[in-house]
Amino acid sequence: MLAASAVWAVLLILCLIYQARTIHGERKLNRLRNDFLHAMIHELKRPVQSLKILMSVLKDKEMSRDETLRREAVDDAQAELDNLSAYFSKLRDMTYGDFKEIPLNRTVFSLNALLRPLAEKAERQGVSVRIDSEPQDILVKADRMHISNIFSNLLENAVKYARGEAVITITLRQTGNRTDIKVSDNGRGIPADELKHIFEKFYRSPAVRRENIPGLGLGLSYVKSLVEAHRGHIRVESEPNRGTTFYISIPQ
Numbered sequence: 128m129l130a131a132s133a134v135w136a137v138l139l140i141l142c143l144i145y146q147a148r149t150i151h152g153e154r155k156l157n158r159l160r161n162d163f164l165h166a167m168i169h170e171l172k173r174p175v176q177s178l179k180i181l182m183s184v185l186k187d188k189e190m191s192r193d194e195t196l197r198r199e200a201v202d203d204a205q206a207e208l209d210n211l212s213a214y215f216s217k218l219r220d221m222t223y224g225d226f227k228e229i230p231l232n233r234t235v236f237s238l239n240a241l242l243r244p245l246a247e248k249a250e251r252q253g254v255s256v257r258i259d260s261e262p263q264d265i266l267v268k269a270d271r272m273h274i275s276n277i278f279s280n281l282l283e284n285a286v287k288y289a290r291g292e293a294v295i296t297i298t299l300r301q302t303g304n305r306t307d308i309k310v311s312d313n314g315r316g317i318p319a320d321e322l323k324h325i326f327e328k329f330y331r332s333p334a335v336r337r338e339n340i341p342g343l344g345l346g347l348s349y350v351k352s353l354v355e356a357h358r359g360h361i362r363v364e365s366e367p368n369r370g371t372t373f374y375i376s377i378p379q
């Protein structure tokens, strides 16, 4: 009877522990869901608000007579629409349970030509972008849109988390049957205890959340999924206040 009572007591304790862990997990999931919804609303609201302002500029007869201003408004509107399109593409691709399911439309294109407009966009935001390429024009066989999204996310992060004068260096190398990419910045860097989490969906640094820097915590997880969809590899090195470097290798 004592043995049976002890067994039942142990089972009850295990059930209580399991129930407590389940409740804790549900609360964590609910908090994560709420944070994601709030961040998503914020991210969608920004480009929509910008588009409304740009449309009001284009509708104003006096302002629309200024050809330079009108052209800038159209270009900015196009950029915001591209941001919205990229954002929805990101959300769509993140719904795939396995990176192997992400559809790829492989074509041969110049990596250097792809990078130029992305670098120019970053430079318009006050960032210095340096491109070191060997050979000078690197041709890759990959999904052009996804490769563009990889660079866009890494450049956006470098700009977003920059401190002082931001400098981004992109190094391209073609060796044998692979293309190696290195994206380095001189930003705030990432603490060692956070490095192992940065590719997790929805993960955001506590320091970033405290500073109310906008974001969903999807960018780097999305980048990793796209790299792996190309059967490639990605890794990161970083030190606080000394910048971050991402290394990407894509087989050809």
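For this note's numbering, add 127 to where a residue sits in the sequence shown, where the first one is 1.
The C-beta atom is built at its ideal place from N, Cα and C for all residues, glycine as well.
Quick caveat: nothing in here was measured; it's all calculated off a predicted structure.
Exposed or buried, which one is residue i when buried takes at least 16 other CB atoms within 10 Å?
i, result
"Tyr-349", "buried"
"Tyr-145", "exposed"
"Ala-133", "exposed"
"Phe-278", "buried"
"Lys-155", "exposed"
"His-357", "buried"
"Asp-225", "For Asp-225, the pLDDT reaches just 48, beneath the cut-off of 50, and the residue's location in the model is therefore unreliable, leaving the point undetermined."
"Ala-319", "exposed"
"Asn-232", "exposed"
"His-151", "exposed"
"Asn-276", "buried"
"Ala-136", "exposed"
"Phe-215", "exposed"
"Ile-295", "buried"
"Ile-140", "exposed"
"Asn-368", "exposed"
"Ala-102", "There is no way to answer for residue 102, as the model of the chain reaches only from 128 to 379."
"Ala-240", "exposed"
"Ala-131", "exposed"
Look at residue i and residue j and say whether their C-beta atoms are less than 7 angstroms apart.
i, j, result
"Thr-234", "Ser-311", "no"
"Leu-178", "Ala-147", "no"
"Ile-265", "Ile-308", "no"
"Val-206", "Val-184", "Val is not the amino acid found at residue 206; the sequence shown has Ala there. Not in contact: Ala-206 and Val-184 (Cβ atoms no closer than 7 angstroms)."
"Asn-313", "Gly-253", "no"
"Ile-377", "Thr-306", "yes"
"Ile-317", "Ser-365", "yes"
"Ser-191", "Arg-197", "yes"
If we define contact as Cβ-Cβ less than 7 angstroms, is residue i a contact residue for chain C?
i, result
"Leu-345", "No chain C is present in this structure, which holds just one protein chain."
Quick one, which of the options has its alpha-carbon nearest residue i's?
i, options, result
"Val-102", "Val-201, Ala-206 and His-273", "Because the chain in this structure spans residues 128 to 379, residue 102 falls outside the shown range and cannot be described."
"Thr-302", "Ala-269, Ser-212 and Pro-262", "Pro-262"
"Glu-292", "Asn-280, Arg-315 and Leu-281", "Arg-315"
"Lys-287", "Ala-249, Ser-260, Asn-304 and Lys-323", "Ala-249"
"Arg-251", "Asp-259, Asp-202 and Ser-260", "Asp-202"
"Glu-247", "Arg-271, Leu-282, Asp-259 and Arg-331", "Leu-282"
"Gly-359", "Asn-304, Pro-333 and Arg-331", "Asn-304"
"Gln-171", "Arg-290, Asp-209 and Glu-189", "Going by the sequence as given, residue 171 is Leu instead of Gln. Closest by alpha carbon: Asp-209."
So residue i and residue j are in contact, right, with Cβ under 8 angstroms, and what is the actual spacing, rounded?
i, j, result
"Val-267", "Phe-236", "7 angstroms"
"Ile-297", "Leu-242", "7 angstroms"
"Leu-299", "Leu-238", "6 angstroms"
"Leu-211", "Pro-174", "5 angstroms"
"Phe-329", "Leu-347", "Wrong, their Cβ atoms sit about 11 angstroms apart, outside the cutoff."
In this structure, what does DSSP give as the bridge partners for residue i?
i, result
"Leu-181", "In the DSSP output, where bridge partners are listed per residue, Leu-181 has none listed."
"Arg-250", "Note on identity: in this sequence residue 250 is Glu, with Arg being the wrong assignment. Answer by DSSP bridge pairing: none, since Glu-250 is not bridged."
"Lys-309", "Thr-298 and Tyr-374"
"Ser-365", "Thr-371"
"Thr-234", "Ala-269"
"Val-256", "Ile-295"
"Glu-153", "Note: Glu-153 sits in no beta bridge, so no partner."
"Glu-261", "Arg-300"
"His-360", "Ser-376"
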